Amino acid sequence: MSISLNGKVLYQYNMSGAIFSVRQFISRMSQYLTLYPGDVLWMGTDGAQENMKDGDVCDITIDGIGVLSNPVQWQK
Numbered sequence: 000m001s002i003s004l005n006g007k008v009l010y011q012y013n014m015s016g017a018i019f020s021v022r023q024f025i026s027r028m029s030q031y032l033t034l035y036p037g038d039v040l041w042m043g044t045d046g047a048q049e050n051m052k053d054g055d056v057c058d059i060t061i062d063g064i065g066v067l068s069n070p071v072q073w074q075k
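Per numbering that gives the first Met the number 0, residue 0 is the first one in the sequence shown, and the count goes up by one each step.
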């Protein structure tokens with residue numbers, strides 16, 4: 000899994016080192032809340048955070064699944 004901001008890779012994760020697998024995490028979360036198509040679950044970050052600004056594009060890539068691309072838009 001990787002996270003990019005404006006095309007620059009900021010983080011790369013090997014999910015094999017995570018406490019829970021993605022399947023286990025989703026299963027566990029669904030015991031406490033209703034998940035709907037399109038919901039995004041955030042499993043946390045490792046390391047320093049990057050500041051995002053209006054107009055930036057954040058891409059989350061998971062091998063074998065695809066890319067989730069989100070434009071940043073500050074709420075006014």
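A virtual CB, placed ideally from N, CA and C, is assigned to each residue, including glycine.
None of these values were measured; they are calculated from a predicted model.
Terminal residues of the beta strand (DSSP E) in which residue i lies
| i | result |
| --- | --- |
| valine 8 | 7–11 |
| serine 68 | 65–70 |
| serine 3 | 1–4 |
Inter-residue spacing [alpha-carbon to alpha-carbon] between residue i and residue j
| i | j | result |
| --- | --- | --- |
| glutamate 49 | tyrosine 31 | 30 Å |
| serine 68 | isoleucine 2 | 10 Å |
| glycine 16 | glutamine 72 | 32 Å |
| tryptophan 41 | threonine 60 | 13 Å |
| isoleucine 64 | serine 26 | 18 Å |
| lysine 7 | aspartate 62 | 17 Å |
| methionine 14 | asparagine 5 | 23 Å |
| glutamine 11 | aspartate 58 | 12 Å |
| phenylalanine 24 | lysine 75 | 33 Å |
| serine 29 | proline 70 | 27 Å |
Chain C within 9 Å of residue i, Cβ atoms only
| i | result |
| --- | --- |
| leucine 32 | Absent from the structure is chain C; it holds one protein chain and no more. |
To test your reading of the DSSP string, which unbroken beta strand (DSSP E) runs of 3 or more residues are found completely within the stretch 30–62?
Every unbroken stretch of the beta strand (DSSP E) spanning 3 or more residues and falling wholly within the stretch 30–62 is given here in chain order: 56–61.
Meets three-Cβ-pair contact criterion under 8 Å: the stretch 23–36 and the stretch 53–66:
no
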